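Chains as they are written, first to last, in the working numbering: chain A, 1 to 255; chain B, 1 to 424. Every residue gets a Cβ at the ideal spot worked out from N, C-alpha and C, and that includes glycine. For clarity, every value in this text was computed on a predicted model and none was experimentally measured. What follows is a short report on a single structure.
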Amino acid sequence: MNHLGFERKPVKIGSFDFTCCEGCQLQLANRESSLPDFLALIDVRNFREISSERHDDYDIALIEGSITRSDEIERLKAIRRQAKVLVAFGTCACFGGVNSQKNRLPEKEAEQVVYDGRPVETMPSTRIADIVRVDFSIPGCPVSKDEVERIVVSLVNRSMPNLPKYPVCVECKQRLNTCLFDLGEICLGPITRAGCDAVCPSGKTACLGCRGPAEEINFPAFMELVREHGLSPVDLTEKLGFYNAFEHIHRTDET
Amino acid sequence: MKLDCSIDIHHLTRVEGHGNIRIRVEKGKLMEACWAVVETPRFFEAMLKGMSAERVPFLTSRICGICSTSHALASIRALERAMQVTPPPAAEGVRMLAMHGETLQSHALHLFFLAAPDFADTPSVLPLLESHPDLVKAGLALKELGNEISTVTAGRCTHPVSLVVGGLAKTPGKDRLQRLLEMIGERKAALEMACDFFASLDIPRFERETEFISLHNGATYPFIGGDLVSTDGVHQDENSYLRMTNEYLTDFSTSKFTRCSRESSAAGALARFNNNSEFLHPEAKKTAERLGLRPVCHNPFTNNIAQLVECVHILHDAEALVAKLLATDMKEARVPVHKKAGSATGAVEAPRGILYHHMETDREGRIVKADCIIPTTQNNANIHYDLGALARQALKEGKNDREIEKLATMLVRSYDPCISCSVH
Chain A
1 MNHLGFERKP
11 VKIGSFDFTC
21 CEGCQLQLAN
31 RESSLPDFLA
41 LIDVRNFREI
51 SSERHDDYDI
61 ALIEGSITRS
71 DEIERLKAIR
81 RQAKVLVAFG
91 TCACFGGVNS
101 QKNRLPEKEA
111 EQVVYDGRPV
121 ETMPSTRIAD
131 IVRVDFSIPG
141 CPVSKDEVER
151 IVVSLVNRSM
161 PNLPKYPVCV
171 ECKQRLNTCL
181 FDLGEICLGP
191 ITRAGCDAVC
201 PSGKTACLGC
211 RGPAEEINFP
221 AFMELVREHG
231 LSPVDLTEKL
241 GFYNAFEHIH
251 RTDET
Chain B
1 MKLDCSIDIH
11 HLTRVEGHGN
21 IRIRVEKGKL
31 MEACWAVVET
41 PRFFEAMLKG
51 MSAERVPFLT
61 SRICGICSTS
71 HALASIRALE
81 RAMQVTPPPA
91 AEGVRMLAMH
101 GETLQSHALH
111 LFFLAAPDFA
121 DTPSVLPLLE
131 SHPDLVKAGL
141 ALKELGNEIS
151 TVTAGRCTHP
161 VSLVVGGLAK
171 TPGKDRLQRL
181 LEMIGERKAA
191 LEMACDFFAS
201 LDIPRFERET
211 EFISLHNGAT
221 YPFIGGDLVS
231 TDGVHQDENS
241 YLRMTNEYLT
251 DFSTSKFTRC
261 SRESSAAGAL
271 ARFNNNSEFL
281 HPEAKKTAER
291 LGLRPVCHNP
301 FTNNIAQLVE
311 CVHILHDAEA
321 LVAKLLATDM
331 KEARVPVHKK
341 AGSATGAVEA
351 PRGILYHHME
361 TDREGRIVKA
371 DCIIPTTQNN
381 ANIHYDLGAL
391 ARQALKEGKN
401 DREIEKLATM
411 LVRSYDPCIS
421 CSVH
């Protein structure tokens, strides 16, 4: 493959799923019109969901899902040993994701509700970075294929990719949406990292913060905004805890 | 006749989620044939307890990355019925279109990316990009159309943003609906090509009589709500879903098993077809006839063909639906939700079969109890018993281990299992 006279080799990629819905991997097969070009940039070495061919000579490992069972820890560590670059792919991998909502319940209670009390091996939903070193994170529930394409192109060209530092609010304003606070709803857009093109507030539903905190957010000002609008603190707690992406900030603010 | 066979597939490929196949034959006797789901449980029903009704569809859609719209709509239907909310007709039209988008996307993904490589004897779709470029292009064109329908109707193709309890948070713009109408027209040729390809395939011959369960409303090919019927003559109302499922636990699978009148039952495109073929669009009926699909068909491998027949139905029905929505005033698409205590079931036909969400709310609209029964859960027992019958038949035909292994993996893929969804 030749680009502006430079020889480029497709990057060897492995895609692996842990505890999740596999919706992030599915995004790789989206944007169908540019899919053949995208596939030309990568050499798929291991991707169980789409291929029966499995090799262990990948350089980049995309990790989808959080860790909720001991056998997943071993599988993840083996992938880390092989991969030159390990990417936490999607909100579950980056923050623990919706799976973490069960962490607030006693394990026995969860088993009682789902398996009639039969013991099932599980552990609290854990993000990838708490088990192995993560080189790069792509948040999103699901990840945005546009962003994934940009990042893969960066990696193929051996340059360091980056994520927007500003909040979703900026993208939302650019799309000229009516602010959800003005419609009487708490939206996490002011504190959440952009990069999704404000897809939820553009559909007139509140941002639930799947991309985690933006850089240098002003959490006290955000809390003031919620109070000013007289909105429900219970609703705020449910939203902040939805993806487990604000645990740290939330707790720091309370203390 | 062949006497011994041992097949042990760990983490079956080209399916959603993690499942294992084990088949063991000793001295001509089938010792074991097992479909074991080893996916990690996520405990969604436990997470739902205490959640406010309006947040529920945003959580349940995360049960599945492929059929997130079905999950959102099953929850929304259960909650609207529990709290006696009647969504406006415009919202119902858009929701049906969103279902069509998801089903088309999901069937195209399964037929072209997951199943087709088996018939072409390649490990994945990637070599087909070289050997069958027009076929892959047709598959991508249909998948893209499905995703575009979802994006226009629900704001995003995976994990919908504007489907809410009470109707729609945002209605689709008429300009985008108009473009959709053109796109549907353009993509009919791609579907025609896909039908030609699948008509040329040699579908494995195998039958094990079973009970097919689906929705049924007596007027249209069913997708959202209705009665629950089976090919064994069972007929129940939506809220009596437990009579169709009878979930039970096994010691080798983290996903539950179900049964109705027999040891197993099946859900999915073939079950919908077997119970509702007379309600298909005339063009879809023609396709079924051309591909030799007639109700009641007991060959699980033909689920692929039933999916293709449904794609034809969906393309034509979506075309009519978009035209109708273009002529509808979309201003009234959401009604206020007065929270109250209640309980009800929401049943929808997800791409892989009938999906039940049962929700019980308290006076503040918070979830007291939730139950989600997934299509693949309802197919687990059928897959399990099919594997045994398939192994016996293949041994009689003198097939070798490699051939039996291939047939077994193709069988499981025919059900298009959504494994992480089934464990949830």
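Looking only at its own chain, which residues have a Cβ that is under 6 Å from the Cβ of Arg-24 of chain B, when we skip the five neighbours before and after it?
Sequence index remark: in the second sequence, residue 24 of chain B carries index 24 (1-based). Its chain contains Ser-6, Met-31, Glu-32 as the residues whose beta carbon lies nearer than 6 Å to that of Arg-24 of chain B, once the 5 sequence neighbours on both sides are disregarded; these appear in chain order.
Buried or exposed: Phe-198 of chain B, going by 16 or more other Cβ atoms within 10 Å of its Cβ?
Stepping through the second sequence from its first residue, residue 198 of chain B is reached at position 198. So Phe-198 of chain B ends up on the buried side.
Pick helix, strand or coil for Glu-238 of chain A, following the three-state DSSP scheme.
Position 238 of the first sequence, counting from 1, holds the residue named residue 238 of chain A. Glu-238 of chain A falls in the helix class under three-state DSSP.
What residues of chain B sit near Thr-19 of chain A, judged by a beta carbon separation below 7 Å?
Along the first sequence, read from residue 1 onward, the residue named residue 19 of chain A stands at position 19. Residues of chain B passing the Cβ test: Thr-40, Arg-42.
May I ask which residues mark the beginning and end of the alpha helix (DSSP H) holding Val-309 of chain B?
Locating residue 309 of chain B in the second sequence gives position 309, where the first residue counts as 1. Its alpha helix (DSSP H) spans residues 303-326.
Bridge partner(s) assigned by DSSP for Gln-372 of chain B
For the purposes of this step, residue 372 of chain B is taken as residue 372 along the second sequence, with counting starting at 1. Looking at the sequence itself, residue 372 of chain B is Cys, so the reference to Gln does not match. In the DSSP assignment, Cys-372 of chain B is bridged to B:His-357.
Quick check on DSSP: helix, strand or coil for Asn-157 of chain A?
Translated into the one-based positions of the first sequence, residue 157 of chain A becomes position 157. It is coil, neither helix nor strand.
I'd like to confirm the pairing. Which residues does DSSP put opposite Ala-266 of chain B in its beta bridges?
Along the second sequence, read from residue 1 onward, the residue named residue 266 of chain B stands at position 266. Bridge partners of Ala-266 of chain B: B:Phe-212.
Interface residues of chain B around Glu-204 of chain A at Cβ under 7 Å?
Mapped onto the first sequence, residue 204 of chain A falls at position 204. A quick correction: the sequence has Lys, not Glu, at residue 204 of chain A. Neighbours of Lys-204 of chain A on chain B, chain order: Ser-162, Ala-169, Lys-170.
Check whether the Cβ atoms of Phe-279 of chain B and Thr-231 of chain B lie closer than 7 Å to each other.
Here the question's residue 279 of chain B lines up with position 279 in the second sequence. Here the question's residue 231 of chain B lines up with position 231 in the second sequence. Taking 7 Å as the Cβ cut-off, Phe-279 of chain B and Thr-231 of chain B do not qualify as a contacting pair.
Just to confirm, are Val-94 of chain B and Thr-13 of chain B a CB contact at a threshold of 7 Å?
Reading the second sequence from its first residue, position 94 is the one you call residue 94 of chain B. Reading the second sequence from its first residue, position 13 is the one you call residue 13 of chain B. One thing to note: Val-94 of chain B has its Cβ no nearer than 7 Å to the Cβ of Thr-13 of chain B.
Reduced DSSP secondary structure (H/G/I, E/B, other) of Ile-50 of chain A
In the first sequence, residue 50 of chain A corresponds to position 50, counting from 1. Ile-50 of chain A falls in the coil class under three-state DSSP.
Taking the DSSP output, what are the residues bridged to Ala-347 of chain B?
Taking the first residue of the second sequence as 1, we reach residue 347 of chain B at position 347. Under DSSP, Ala-347 of chain B shares a beta bridge with B:Tyr-356.
For Glu-53 of chain A, would you say it is in contact with chain B, using Cβ-to-Cβ distances shorter than 7 Å as the test?
Position 53 of the first sequence, counting from 1, holds the residue named residue 53 of chain A. Yes, Glu-53 of chain A lies at the interface with chain B (some Cβ there is under 7 Å from its Cβ).
Quick one: which chain A residues come within Cβ less than 7 Å of Glu-45 of chain B?
The residue labelled residue 45 of chain B in the question sits at position 45 within the second sequence. Scanning chain A for C-beta atoms nearer than 7 Å to the C-beta of Glu-45 of chain B yields Val-113, Val-114, reported in chain order.
Output the distance between the C-alpha atoms of Arg-133 of chain A and Gly-139 of chain B, rounded to the nearest integer angstrom.
On the first sequence, residue 133 of chain A is found 133 positions in, with the first residue counted as 1. On the second sequence, residue 139 of chain B is found 139 positions in, with the first residue counted as 1. A straight line joining the alpha-carbon of Arg-133 of chain A with that of Gly-139 of chain B spans about 38 Å.
Going by DSSP in three states, Gly-19 of chain B sits in which element: helix, strand or coil?
Here residue 19 of chain B is taken as the residue at index 19 of the second sequence, counted from 1. In the three-state scheme derived from DSSP, where H, G and I count as helix and E and B as strand, Gly-19 of chain B is classed as strand.
Express the C-alpha separation of Ala-194 of chain B and Ile-305 of chain B in angstroms, rounding to a whole number.
Residue mapping note: residue 305 of chain B aligns to position 305 of the second sequence, counting from 1. Residue mapping note: residue 194 of chain B aligns to position 194 of the second sequence, counting from 1. Ile-305 of chain B and Ala-194 of chain B have their C-alpha atoms spaced approximately 11 Å apart.
Should Thr-255 of chain A go down as buried or exposed, given a rule of 16 or more other Cβ atoms within 10 Å for buried?
In the first sequence, counting from the first residue as 1, residue 255 of chain A sits at position 255. The predicted model places Thr-255 of chain A with a pLDDT of 39, which falls under 50 and marks its position as unreliable; any figure quoted below should be read in that light. The residue is exposed, with fewer than 16 neighbouring Cβ atoms inside 10 Å.
Assign Thr-255 of chain A to one of three DSSP states: helix, strand, or coil.
By one-based count along the first sequence, residue 255 of chain A stands at place 255. Because Thr-255 of chain A carries a pLDDT of 39, less than 50, the predicted location of this residue cannot be relied on, and no value is offered for it.
Between Leu-114 of chain B and His-248 of chain A, what straight-line distance do the alpha-carbon atoms span, to the nearest angstrom?
The residue you call residue 114 of chain B lines up with position 114 of the second sequence. The residue you call residue 248 of chain A lines up with position 248 of the first sequence. Taking C-alpha positions only, Leu-114 of chain B is separated from His-248 of chain A by approximately 41 Å.
Determine the burial state of Val-153 of chain A: buried for a count of at least 16 other Cβ atoms within 10 Å of its Cβ, exposed for fewer.
Numbered from 1 along the first sequence, position 153 holds the residue referred to as residue 153 of chain A. Taking a 10 Å sphere around the C-beta of Val-153 of chain A, we find fewer than 16 other C-beta atoms and assign the residue as exposed.
Do Leu-293 of chain B and Thr-302 of chain B have their C-beta atoms closer together than 7 Å?
Within the second sequence, residue 293 of chain B is the residue found at index 293, counting from 1. Within the second sequence, residue 302 of chain B is the residue found at index 302, counting from 1. Closer than 7 Å, so yes.
Could you pull the start and end residues of the beta strand (DSSP E) that Lys-285 of chain B belongs to?
Residue 285 of chain B sits at position 285 when you count from the first residue of the second sequence. First-last for Lys-285 of chain B: 282-290, but that is the alpha helix (DSSP H), not the beta strand (DSSP E).
Please check if any C-beta of chain B sits within less than 7 Å of the C-beta of Gly-23 of chain A.
For the purposes of this step, residue 23 of chain A is taken as the residue at position 23 of the first sequence. Judged by the 7 Å Cβ criterion, Gly-23 of chain A is in contact with chain B.
How would you list, in chain order, the residues of chain B whose beta-carbon sits under 8 Å from the beta-carbon of Glu-109 of chain A?
What you label residue 109 of chain A is simply residue 109 of the first sequence in a count that begins at 1. Those are Ala-46, listed as they occur along chain B.
Within chain B, the residues that Leu-163 of chain A reaches when beta carbons sit closer than 7 Å:
In the first sequence, residue 163 of chain A corresponds to position 163, counting from 1. Under the 7 Å cutoff, chain B gives no residues; its nearest Cβ is about 19 Å from Leu-163 of chain A.
Coarse secondary structure for Val-148 of chain A, derived from DSSP in three states:
Taking the first sequence and counting its residues from 1, the one referred to as residue 148 of chain A is at position 148. Val-148 of chain A falls in the helix class under three-state DSSP.
Does Pro-160 of chain B come out as helix, strand or coil in the three-state DSSP assignment?
In the second sequence, the residue the question calls residue 160 of chain B occupies position 160. Pro-160 of chain B: coil per DSSP, three-state reduction.
Please classify Tyr-248 of chain B as buried or exposed, where buried requires at least 16 other C-beta atoms within 10 Å of its C-beta.
As a working mapping, residue 248 of chain B is identified with position 248 in the second sequence. Counting Cβ neighbours within 10 Å, Tyr-248 of chain B comes out exposed, since fewer than 16 surround it.
Could you work out which residue in A:Lys-9, A:Gly-96, A:Leu-105, A:Leu-35 is closest to Asp-59 of chain A when comparing CA atoms only?
Within the first sequence, residue 59 of chain A is the residue found at index 59, counting from 1. Nearest option by C-alpha distance: A:Lys-9.
Hey, does Lys-9 of chain A have any beta-carbon neighbour from chain B nearer than 7 Å?
As a first step, residue 9 of chain A is located in the first sequence; it is residue number 9 there, counting from the start. Interface flag for Lys-9 of chain A against chain B is unset, since no Cβ pair is found closer than 7 Å.
Residues of chain A with CB closer than 9 Å to the CB of Val-368 of chain B, please, in chain order.
Working through the second sequence from its first residue, we reach residue 368 of chain B at position 368. Under the 9 Å cutoff, chain A gives no residues; its nearest Cβ is about 12 Å from Val-368 of chain B.
Using a Cβ-Cβ cut-off of 7 Å (strictly less than) and excluding sequence neighbours within five positions of Asn-99 of chain A, which residues of its own chain qualify?
Indexing the first sequence from 1 puts residue 99 of chain A at position 99. The beta carbon of Asn-99 of chain A sits closer than 7 Å to those of Thr-19, Ser-66, Thr-68, Cys-92, Ser-125, all from its chain and outside the five residues before and after it, given in chain order.
Using CA coordinates, which residue listed in B:His-235, B:Gly-155, B:Asn-246 is at the minimum distance from Thr-205 of chain A?
Along the first sequence, read from residue 1 onward, the residue named residue 205 of chain A stands at position 205. Looking at the Cα atoms, B:Gly-155 is the closest of the given residues.
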